[in-house]
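Colleague: Okay, handing you the structure first.
Numbering (the numbering used here), first residue to last: 7 to 529.
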């Protein structure tokens, strides 16, 4: 791909270089970037003076393609003078010219209408740019040791992907203005997803070739992330970034509109290694629609947290449980009240949770139904559990509650293998449906909540499926259908006007319609 012909004597060199195929040269040099083209270059040196000129045709570097590149560069000692560099592409001409002395002030003009994505190659470790137009109209002044840049870089419809967030950003457009030792971003706007927007503005101070200070503001609206660290999030936010890299300070306020957290209790995240020297001070508002969904819980929370970091991350604040269920071996306990308290220090909140379910208890021929209370305490990664009954159920010891809760039988009834087998088969079927089928449907996002209650072997067989969905805003609906029974389908619509105040409308299993107001008092 390369042929050199010429002659030299003493300090004089005259050579002609023929570039037949730059692809072969790129392979030989083990370049990871795509490079193509062919052309001729003439090199002439006499003493300390020299000239390099030539033409490269059909040049391609990554996504940047030019019909031809013409250049002429004069050298004198270590001083460089670019007499001409023209990049032709589809009738458009980009030009670079100027003087770069070893000592003293340089003056280089750079005007490129369409700069390729290759300029982002150094950032490929955290972002992949796959579309967009970059225009450059700059003048380089100052010295090689302390360069000063003046002019404008225009960005049009830039699209890129950030793998760490599993997120695409599109149509990023705006101007970046260079004013010597300062860089100003008046307005850099883009989109995320179908409706999300991002706006960045601020300035960057340069100290020679290094960044001497950052003062940026990022405004995000209707921003969403899916399948990131076991969570889906929709949010708005105003975030500031200040400081000298890498020791940046990130602050501001974030409003969580919706979130689903799938990280389970008792599963501690591994350490993240050495922490970057970044300080955090973020206020996170989440009034409702924050769901914890895992093998133990399907709960809606709301609250306010403050995320801080000097050396290690800390969280302060509370998240209150607004509703939902806590599961013990597939038995749903309706949460009456609950709080996750963050006191700073380790990221392991304290839990105070109280939930209830209905327990059946047989004493001779009499069957009693009553509330069974579950209390969860301790910390998220090492919770404690307590179970006890309330009237009309008699006080029961934990060893009596467990078999009733698990298989709906007392210990002595387990001796009846016929009933035990039927009960265990029903329980196993319910657990299998929940873990293998219903959880996958939830993850797809078609519905927000789903529950199955089955009695396949009794005289009154029933299989109730209840689904829940947030319709819009703070309006939530549930629908219950019994596949085996002839009772009317049930539904309930709940409009949360304020945290503890809501309007209700429902139809029960007898076909009766009700409407009303519910006001919850929490203590």
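From the three backbone atoms N, C-alpha and C, an ideal C-beta is built for every residue, glycine too.
It should be emphasised that the depicted structure is a prediction, and the values quoted were computed from it without experimental measurement.
Using only the alpha-carbon positions, how far apart do residue 441 and residue 371 sit?
Modeller: Translated into the one-based positions of the chain shown, residue 441 becomes position 435. Translated into the one-based positions of the chain shown, residue 371 becomes position 365. Note on residue 441: pLDDT 49, under 50, position unreliable in the model; the coordinate value appears next. Approximately 35 Å, taken between the alpha carbons.
Colleague: Decide if residue 306 is buried, meaning its Cβ has at least 16 other Cβ atoms within 10 Å, or exposed.
Modeller: The residue given as residue 306 occupies position 300 in the chain shown. The residue is buried, with at least 16 neighbouring Cβ atoms inside 10 Å.
Colleague: Suppose you measure from the CA of residue 211 to the CA of residue 347; what does that come to, to the nearest Å?
Modeller: For this step, residue 211 is matched to residue 205 along the chain shown. For this step, residue 347 is matched to residue 341 along the chain shown. Those two C-alpha atoms are separated by around 41 Å.
Colleague: Can you give me the C-alpha to C-alpha distance between residue 383 and residue 302, rounded to a whole angstrom?
Modeller: As a first step, residue 383 is located in the chain shown; it is residue number 377 there, counting from the start. As a first step, residue 302 is located in the chain shown; it is residue number 296 there, counting from the start. Distance between the alpha carbons of residue 383 and residue 302 is about 14 Å.
Colleague: Under 6 Å Cβ to Cβ from residue 524, same chain only, skipping five residues before and after it: list those, please.
Modeller: In the chain shown, residue 524 corresponds to position 518, counting from 1. Answer for residue 524: 508, 510, listed in chain order.
Colleague: Report all residues from its chain with a CB closer than 8 Å to the CB of residue 46; omit the five preceding and five following residues, and keep chain order.
Modeller: Here residue 46 corresponds to residue number 40 of the chain shown, with the count starting at 1. Answer for residue 46: 22, 23, 24, 25, 60, 61, listed in chain order.
Colleague: Cutting at 7 Å between CB atoms, please list the residues of its own chain near residue 374, excluding the five before and the five after it.
Modeller: Residue 374 sits at position 368 when you count from the first residue of the chain shown. Once the five neighbours on either side are set aside, the close Cβ partners of residue 374 are 367, 398, 399.
Colleague: At what residues does the beta strand (DSSP E) containing residue 298 begin and finish?
Modeller: Taking the first residue of the chain shown as 1, we reach residue 298 at position 292. Note, residue 298: beta strand (DSSP E), 285 to 299.
Colleague: What residue from 235, 253, 292, 268 has the CA that sits closest to residue 260's CA?
Modeller: Within the chain shown, numbered from 1, the residue matching residue 260 stands at position 254. Per the Cα distances, 292.
Colleague: Can you grab the Cα-Cα spacing for the pair residue 147 / residue 207, in whole Å?
Modeller: As a working note, residue 147 is residue 141 in the chain shown. As a working note, residue 207 is residue 201 in the chain shown. Approximately 25 Å, taken between the alpha carbons.
Colleague: Ignore the nearest five residues each way along the sequence and tell me which others in residue 13's own chain have a CB closer than 7 Å to its CB.
Modeller: Indexing the chain shown from 1 puts residue 13 at position 7. Counting only Cβ-Cβ distances below 7 Å, and skipping sequence neighbours, we find 20.
Colleague: Residue 295: buried (16+ other C-beta within 10 angstroms of its C-beta) or exposed?
Modeller: If you number the chain shown from 1, residue 295 lands on position 289. Buried, because 16 or more other Cβ atoms sit within 10 Å of the Cβ of residue 295.
Colleague: From which residue to which residue does the beta strand (DSSP E) around residue 81 run?
Modeller: By one-based count along the chain shown, residue 81 stands at place 75. From DSSP, the beta strand (DSSP E) with residue 81 extends over 70 to 82.
Colleague: Compute the Euclidean distance between the alpha carbons of residue 353 and residue 317, then round it to the nearest angstrom.
Modeller: Within the chain shown, numbered from 1, the residue matching residue 353 stands at position 347. Within the chain shown, numbered from 1, the residue matching residue 317 stands at position 311. So the two alpha carbons sit approximately 14 Å from each other.
Colleague: Hey, would you say residue 165 sits closer than 8 Å to residue 122, going by beta carbons?
Modeller: Along the chain shown, read from residue 1 onward, the residue named residue 165 stands at position 159. Along the chain shown, read from residue 1 onward, the residue named residue 122 stands at position 116. No, Cβ-Cβ distance for residue 165 and residue 122 is not below 8 Å.
Colleague: Measure the alpha-carbon distance for residue 175 versus residue 198 and round it to whole angstroms.
Modeller: Here the question's residue 175 lines up with position 169 in the chain shown. Here the question's residue 198 lines up with position 192 in the chain shown. Approximately 5 Å, taken between the alpha carbons.
Colleague: Hey, quick one: how far does the alpha helix (DSSP H) through residue 33 stretch, first residue to last?
Modeller: Your numbering for residue 33 matches position 27 in the chain shown. Run containing residue 33: 28 to 34, per the alpha helix (DSSP H) assignment.
Colleague: In whole angstroms, what is the alpha-carbon distance linking residue 100 and residue 117?
Modeller: If you number the chain shown from 1, residue 100 lands on position 94. If you number the chain shown from 1, residue 117 lands on position 111. Taking the straight line joining both Cα atoms gives about 6 Å.
Colleague: Skipping 5 residues on each side, what residues in its chain have a beta carbon closer than 6 Å to that of residue 184?
Modeller: One-based indexing of the chain shown puts residue 184 at position 178. Excluding residues within five positions, the ones whose Cβ falls inside 6 Å are 155, 156, 157.
Colleague: Indicate whether residue 44 and residue 18 have their beta-carbon atoms separated by less than 8 Å.
Modeller: By one-based count along the chain shown, residue 44 stands at place 38. By one-based count along the chain shown, residue 18 stands at place 12. Cβ distance not < 8 Å, so residue 44 and residue 18 don't count as in contact.
Colleague: Below 8 Å between beta carbons: does that hold for residue 330 and residue 341?
Modeller: By 1-based counting over the chain shown, the position of residue 330 is 324. By 1-based counting over the chain shown, the position of residue 341 is 335. Yes, Cβ-Cβ distance for residue 330 and residue 341 is below 8 Å.
Colleague: State buried or exposed for residue 297, treating a residue as buried only when at least 16 other CB atoms are found within 10 Å of its CB.
Modeller: Working through the chain shown from its first residue, we reach residue 297 at position 291. Buried.
Colleague: Between residue 230 and residue 170, what straight-line distance do the alpha-carbon atoms span, to the nearest angstrom?
Modeller: What you label residue 230 is simply residue 224 of the chain shown in a count that begins at 1. What you label residue 170 is simply residue 164 of the chain shown in a count that begins at 1. Answer to the nearest angstrom: the Cα atoms are 14 Å apart.
Colleague: Pick helix, strand or coil for residue 312, following the three-state DSSP scheme.
Modeller: Stepping through the chain shown from its first residue, residue 312 is reached at position 306. Three-state DSSP puts residue 312 in a strand.
Colleague: Out of 253, 150, 299, 246, which has the shortest C-alpha to C-alpha gap to residue 268?
Modeller: By one-based count along the chain shown, residue 268 stands at place 262. The shortest Cα separation from residue 268 among 253, 150, 299, 246 belongs to 299.
Colleague: In whole angstroms, what separates the C-alpha of residue 55 from that of residue 86?
Modeller: Residue mapping note: residue 55 aligns to position 49 of the chain shown, counting from 1. Residue mapping note: residue 86 aligns to position 80 of the chain shown, counting from 1. Distance between the alpha carbons of residue 55 and residue 86 is about 10 Å.
Colleague: Could you check the C-alpha separation between residue 132 and residue 238 for me, to the nearest Å?
Modeller: By 1-based counting over the chain shown, the position of residue 132 is 126. By 1-based counting over the chain shown, the position of residue 238 is 232. Each residue's Cα considered, the two are about 20 Å apart.
Colleague: Just grab the DSSP bridge partners of residue 94 for me.
Modeller: The residue given as residue 94 occupies position 88 in the chain shown. Answer is 74, 99.
Colleague: If you measure between the beta carbons of residue 378 and residue 407, is that distance less than 8 Å?
Modeller: As a first step, residue 378 is located in the chain shown; it is residue number 372 there, counting from the start. As a first step, residue 407 is located in the chain shown; it is residue number 401 there, counting from the start. Closer than 8 Å, so yes.
Colleague: Using CA atoms only, rank isn't needed, just tell me which of 355, 217, 203, 27 is closest to residue 389.
Modeller: Indexing the chain shown from 1 puts residue 389 at position 383. Per the Cα distances, 355.
Colleague: By Cβ distance, which residues of its chain are closer than 8 Å to residue 249, with the 5 residues on each side in sequence left out?
Modeller: Here the question's residue 249 lines up with position 243 in the chain shown. Hits under 8 Å: 219, 220, 255, 285.
Colleague: Counting only runs that start and end within the region 353 to 424, where is the beta strand (DSSP E) found for 3 or more residues in a row?
Modeller: Complete beta strand (DSSP E) runs here, min 3: 356 to 369, 372 to 385, 388 to 395.
Colleague: Of the residues 209, 168, 200, which one's Cα is nearest the Cα of residue 188?
Modeller: Taking the chain shown and counting its residues from 1, one reaches residue 188 at position 182. Cα-wise, what sits closest to residue 188 is 209.
Colleague: Please return the same chain residues whose Cβ sits closer than 8 Å to the Cβ of residue 83, not counting the five positions on each side in sequence.
Modeller: Against the chain shown, residue 83 aligns to sequence position 77. 54, 108.
Colleague: For residue 364, which residues from the same chain have a beta carbon less than 6 Å from its beta carbon, with the 5 sequence-adjacent residues on both sides left out?
Modeller: The residue labelled residue 364 in the question sits at position 358 within the chain shown. So the qualifying residues of the chain are 375.
Colleague: Could you give the DSSP three-state label for residue 428: helix, strand or coil?
Modeller: Locating residue 428 in the chain shown gives position 422, counting from the first residue. Because residue 428 sits at a pLDDT of 49, beneath the cut-off of 50, its placement in the model cannot be relied upon, and the point is left open.
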